[in-house]
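J.: This note's numbering numbers the first residue of the sequence shown as 11 and each following residue consecutively.
C-beta atoms are modelled at their ideal positions from N, C-alpha and C, and glycine is treated no differently.
Got a structure here, written out as structure tokens. Questions coming.
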Amino acid sequence: MSTPTRAELAGRIGTLKAVSEQLISEIKMLDERIAGLYAFIQMLPDYEETVEKLKEKAKENEEKV
């Protein structure tokens, strides 16, 4: 296996940079969607009550395990 040239390394670095920028963009988009979903869920009727029920259910499931 030969040592890569500067041009090959530069090409690979360019590819890695493009992929990492795309990943960052996708993560930001997911973050925005999750934030929107969370805001929507908080507006649902009986939000606090539902959260408490889910917490109780989670505790019950932990005790079973």
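#1: For Thr15, does the three-state DSSP call read helix, strand or coil?
#2: Where do the ends of the alpha helix (DSSP H) carrying Val61 lie?
#3: Where Asn71 and Leu54 are concerned, what is the direct C-alpha to C-alpha distance, given to the nearest angstrom?
T.: With the given structure in hand:
#1: Coil.
#2: Tyr57 to Lys74
#3: 25 Å
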